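K.L.:
Provided herewith is a single structure, encoded as structure tokens, for subsequent inquiry.
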Amino acid sequence: MVDSRAVPKWPPPGLERIQGDLFGVATRAALAGAFLVLPLLFVVTRDAGFATLGPLADAWWVAVALATVGLAFALDAVGRTARTLQRARRGVESGYTSVTILQVLTDTRRDTGFLLAGARHFSEVSAGERAAMARGRVLSGVALALAGLWTVVAFSLGLMLAAKGILSPTALEWVTLGPALACYLVGGITYLWEEARVRRARRAWYAQPRASAEVDAEVSRWRAAAASPESVASVGEEGDGEARVRALSAARVAMGVLALLVALPVLTLVPATAIGPILSAVSAPGFDGYRARAARVEAYRPYSVAGDPSVSAQEAGRILQAVTFAGSGDDPGPGERAPGPRVAERWIPDVGLDNPLGLEPALWGDSLFQRVAAGLTAEERAFLTEVAEHPLADDFGRLARAPALDAASGRWEESFPPGLTMATLPVPPFGTLRSAANARIAAAAEAYARGRDDEAETLLAEVLAVGFLLADDGPTLIDNLVGYAVVESGGAALEQYYRVAGQLGAAAQLSRLRQVAERSALMTRGGEPLGREAWVRSLPDFVIDSALPRGVRWEYFINLTTLAPCLNVNRMVFGTDEEYDAFVEAAGEALVRWPSEEPLFDLARRGWVGSAGAGSRGLIESLAGLYMSTDENSCAHALSQIPTQGF
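In my numbering, the protein residues as written are 84 to 730.
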């Protein structure tokens, strides 16, 4: 039995502020692992596909919320560790041994003084068993703290290696969780072993009648009692105390580096996690709107002029470029072909409402034939004749008879200049093409005014045919939209022509077809998948769905290639894979109709922001590249390019 004077003061003077702190670090680090590492590790290592928001789908925000909370725990754990190291250094400077400091750090029950001295409920425990319990207490505390800190630090470092292709998803899991689980196992078993012996000692002690009397006898000075043969305290001086002080100071500084290391992947990946879900809501054109518009114009398809096999798709592309630039005054942009021939004369004189008809040209399809039927003045007739005799009038008619349109062959060069992206690709002056369609409606009205009804109907059929060429074969969304607008203007003019020409049966039939098309357009609504995740998953199918407008499919493809690297954390870290490459190949087969569209597809597969240029990476890409893949299809690259593209 140990005399009360053999019980040292505990904790030793100056070490009161670190008593039990190591378990506080272990608790915060474990919470950081649960809230920060495990959710992110789950979404990072689960490959749910490239066209998905990740394994949590529409609940993607859960990982963001948990990681935000977990980051607070992680920074608290690192901060507590740094503070503990600072206080431990002061203990070393005061002459305490490392063993004593560790015993204080792991004294979460605040009874280690009794354990070391063999006092109170440890008075019946042998010195050898008490020494084993003291070692077990230190081992469990160190192992549990190390497990938690390893989890957050190894995850951060593992992400860097995974982003460079060094670690696979499975390897990242093992590197992060394997050693931590081993430490948790050792620490947990040791803790339970030591806890069982403490409880046994307490039961044995408090069962004795003299227990309360012994408590009063255990008050004495700590250092004097530590010299007792029954004590297992280590109070002697260790050699090279200055080296231990320097080591603890360096470790404290390292905690600041670790805090940055832990925070960076969260501050990089967590905000990026929200990019895909947020932008996916606007990443593709409105599904119902364009499909409905395409359905409405189908009423006019039987009335378009018949095709002429002698007009090749490539010739049609060259004519379209000439028609589009006629009188526009715009110069071709980078990668854009110069029109041939270049005609400076406008399709409609630039007089606006001051034209003799007093009607806005954009409204000629709705009202011009009624105005002609009411009678024209000589000035009005002369104006219509001037509009009808444009130098490219015959070319417009030949374009209308093309069975197919290769717009790319006449619009763009065989290769695009370096640095050009889909975001900076020049847009042709399609307003001029709309003017050309209105001019041909005016030519039809002029022919009707002269009594040439067949010619008037043919000219309107040409307008419809040109509109359908753009709507069906145009490789861009704006091609399709302009095509719909041209068809709608020509169709409205054709119906008005039938009415003023007295062809009421034809007018009624066209009206019925238009009403059927309108009802069909209404029935197309409701086809959009419900939920953001379902919408994203449907995008690859939309790209290869030939029933959708062609330009819309190209738009889906461009948006998907832009966002796919950022849609989920797995692709941010590990980059694209064979599934994505297979999709791009299938998309090329579905979208590219002519060799001239190959350069456009090569541009489109790089997304709106394009591919990485030569030279060093920018700050954004370098920072994001610490924890993200940095290939040309990576999210890190996409983020770095956004400022340069003016988004």
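Here a beta-carbon is modelled for each residue, glycine too, at the ideal position from N, C-alpha and C.
From a predicted model like this one, the values you see are computed outputs, not experimental measurements.
(1) Does DSSP put residue 95 in a helix, in a strand, or in coil?
(2) Run through DSSP, which three-state label would residue 472 get?
(3) Among the residues of its own chain, which have a CB less than 6 Å from the CB of residue 727, if the five just before and after it don't count?
(4) Assuming residue 494 and residue 512 form a contact by the criterion Cβ under 8 Å, report the distance between their Cβ atoms to the nearest whole angstrom.
(5) So, at 6 Å on beta carbons, what are the nonlocal neighbours of residue 187 in its own chain, with the 5 sequence-adjacent residues on each side left out?
(6) Could you check if residue 598 is buried or exposed, using at least 16 other CB atoms within 10 Å of its CB as the buried criterion?
(7) Here's the rule I'm using: 16 or more other beta-carbon atoms within 10 Å means buried, otherwise exposed. How should residue 151 be labelled?
(8) Judging by CA-CA distance, which residue of 106, 231 and 129 is the nearest neighbour of residue 658?
(9) I'd like the list of long-range same chain contacts for residue 184, defined as Cβ closer than 8 Å, with 5 residues on each side in sequence excluded.
(10) Alpha helix (DSSP H) containing residue 651: first to last residue?
(11) Is the CB-CB distance between residue 452 and residue 531 below 9 Å?
(12) Between which two residues does the alpha helix (DSSP H) holding residue 642 run?
(13) Do the CB positions of residue 428 and residue 410 come within less than 9 Å of each other?
(14) Thinking C-alpha only, which one of 653, 508, 573 and 506 is nearest residue 525?
(15) Using C-beta distances below 8 Å, list every residue in its chain close to residue 583, excluding the 5 sequence neighbours before and after it, in chain order.
(16) Between the region 465-473 and the region 373-391, do three or more beta carbon pairs fall short of 8 Å?
(17) At what residue ranges does the region 399-485 contain a whole run of the alpha helix (DSSP H), taking only runs of 4 or more?
(18) Taking buried to mean at least 16 other C-beta atoms within 10 Å of its own C-beta, is residue 418 buried or exposed?
(19) According to DSSP, is residue 691 helix, strand or coil?
(20) Mind checking which residues open and close the alpha helix (DSSP H) that includes residue 572?
(21) Here's the rule I'm using: 16 or more other beta-carbon atoms within 10 Å means buried, otherwise exposed. How should residue 332 be labelled?
(22) For my contact list, residue 487 and residue 396 are in at a C-beta cut-off of 8 Å; report their separation, rounded to the angstrom.
(23) Any idea what DSSP makes of residue 143, helix, strand or coil?
(24) With which residues is residue 288 paired in a DSSP beta bridge?
(25) Taking the alpha carbon of residue 278 as the reference point, which residue from 660, 115 and 190 has its own alpha carbon closest?
(26) In this structure, does DSSP put residue 495 in helix, strand or coil?
(27) What whole-angstrom Cβ distance do residue 400 and residue 489 have, given they're in contact under 8 Å?
(28) Go ahead and pull the three-state DSSP assignment for residue 587.
(29) Can you tell me which of 470, 414, 286 and 408 puts its alpha carbon nearest to the alpha carbon of residue 438?
(30) So the candidates are 483, 420 and 518; which of them puts its Cα closest to the Cα of residue 434?
(31) Buried or exposed, going by whether 16 or more other CB atoms sit within 10 Å of the CB of residue 678?
(32) Among 687, 110, 446 and 287, which has the Cα closest to the Cα of residue 153?
(33) So residue 241 is in the alpha helix (DSSP H); what residue range does that whole segment cover?
P.N.:
Per the coordinate set shown:
(1) In the sequence shown, the residue the question calls residue 95 occupies position 12. Note: residue 95 maps to coil in three-state DSSP.
(2) For the purposes of this step, residue 472 is taken as the residue at position 389 of the sequence shown. Per DSSP, reduced to three states, the secondary structure at residue 472 is coil, with no helix or strand assignment.
(3) Residue mapping note: residue 727 aligns to position 644 of the sequence shown, counting from 1. For residue 727, the pLDDT reaches just 47, beneath the cut-off of 50, and the residue's location in the model is therefore unreliable, leaving the point undetermined.
(4) Stepping through the sequence shown from its first residue, residue 494 is reached at position 411. Stepping through the sequence shown from its first residue, residue 512 is reached at position 429. For residue 494 against residue 512, the beta-carbon gap comes to about 12 Å, at or over 8 Å, which does not count as contact.
(5) For the purposes of this step, residue 187 is identified with residue 104 of the sequence shown, where counting begins at 1. Close CB contacts of residue 187 within its chain, under the 6 Å cut and outside five residues either way in sequence, are with 94, 98, 101 and 102 (chain order).
(6) Reading the sequence shown from its first residue, position 515 is the one you call residue 598. Classification for residue 598: exposed.
(7) Here the question's residue 151 lines up with position 68 in the sequence shown. Result: exposed.
(8) Here the question's residue 658 lines up with position 575 in the sequence shown. That would be 129, whose Cα lies nearest to the Cα of residue 658.
(9) Taking the first residue of the sequence shown as 1, we reach residue 184 at position 101. Once the five neighbours on either side are set aside, the close Cβ partners of residue 184 are 98, 101, 171, 174 and 175.
(10) For the purposes of this step, residue 651 is taken as the residue at position 568 of the sequence shown. Membership of residue 651 in any alpha helix (DSSP H) is not indicated, and neither H nor E is assigned to it by DSSP.
(11) Numbered from 1 along the sequence shown, position 369 holds the residue referred to as residue 452. Numbered from 1 along the sequence shown, position 448 holds the residue referred to as residue 531. It is a contact, given that the beta carbons lie within the stated cut-off.
(12) For the purposes of this step, residue 642 is taken as the residue at position 559 of the sequence shown. First-last of the alpha helix (DSSP H) with residue 642: 633-646.
(13) Counted from its first residue, the sequence shown places residue 428 at position 345. Counted from its first residue, the sequence shown places residue 410 at position 327. Closer than 9 Å, so yes.
(14) Counted from its first residue, the sequence shown places residue 525 at position 442. For residue 525, the nearest C-alpha among the options comes from 573.
(15) The residue you call residue 583 lines up with position 500 of the sequence shown. Around residue 583, the same chain offers 452, 453, 455, 456 and 531 as residues with beta carbons nearer than 8 Å, after the five sequence neighbours per side are excluded.
(16) Contact fails: fewer than three Cβ-Cβ distances are below 8 Å.
(17) Those alpha helix (DSSP H) runs which fall completely within the region 399-485 and span 4+ residues are 447-456, 461-471 and 476-483.
(18) Stepping through the sequence shown from its first residue, residue 418 is reached at position 335. Counting C-beta atoms within 10 angstroms of its own C-beta, residue 418 has 16 or more neighbours from the protein chains shown and is therefore classed as buried.
(19) As a working note, residue 691 is residue 608 in the sequence shown. Residue 691 falls in the coil class under three-state DSSP.
(20) For the purposes of this step, residue 572 is identified with residue 489 of the sequence shown, where counting begins at 1. Note, residue 572: alpha helix (DSSP H), 560-583.
(21) Reading the sequence shown from its first residue, position 249 is the one you call residue 332. Classification for residue 332: exposed.
(22) Position 404 of the sequence shown, counted from the first residue, corresponds to residue 487. Position 313 of the sequence shown, counted from the first residue, corresponds to residue 396. Cβ-Cβ separation between residue 487 and residue 396: approximately 4 Å, consistent with a contact (criterion under 8 Å).
(23) Taking the sequence shown and counting its residues from 1, one reaches residue 143 at position 60. In the structure shown, residue 143 sits in coil (DSSP, three-state: anything other than H, G, I, E or B).
(24) Residue 288 sits at position 205 when you count from the first residue of the sequence shown. In the DSSP assignment, residue 288 forms no beta bridge with any residue.
(25) One-based indexing of the sequence shown puts residue 278 at position 195. The candidate whose alpha carbon is nearest that of residue 278 is 190.
(26) Residue mapping note: residue 495 aligns to position 412 of the sequence shown, counting from 1. Residue 495 sits in a strand when the DSSP states are folded into three classes.
(27) Sequence index remark: in the sequence shown, residue 400 carries index 317 (1-based). Sequence index remark: in the sequence shown, residue 489 carries index 406 (1-based). Cβ-Cβ separation between residue 400 and residue 489: approximately 4 Å, consistent with a contact (criterion under 8 Å).
(28) Within the sequence shown, numbered from 1, the residue matching residue 587 stands at position 504. Under the three-state reduction of DSSP, residue 587 is assigned to helix.
(29) The residue labelled residue 438 in the question sits at position 355 within the sequence shown. Considering only alpha carbons, the answer is 470.
(30) For the purposes of this step, residue 434 is identified with residue 351 of the sequence shown, where counting begins at 1. Nearest C-alpha to residue 434: 518.
(31) As a first step, residue 678 must be located in the sequence shown, where it is residue number 595. When all chains shown are included, residue 678 counts as exposed.
(32) As a working mapping, residue 153 is identified with position 70 in the sequence shown. Each of 687, 110, 446 and 287 was checked against the Cα of residue 153, and the nearest Cα belongs to 110.
(33) Position 158 of the sequence shown, counting from 1, holds the residue named residue 241. That run of the alpha helix (DSSP H) goes 210-246.
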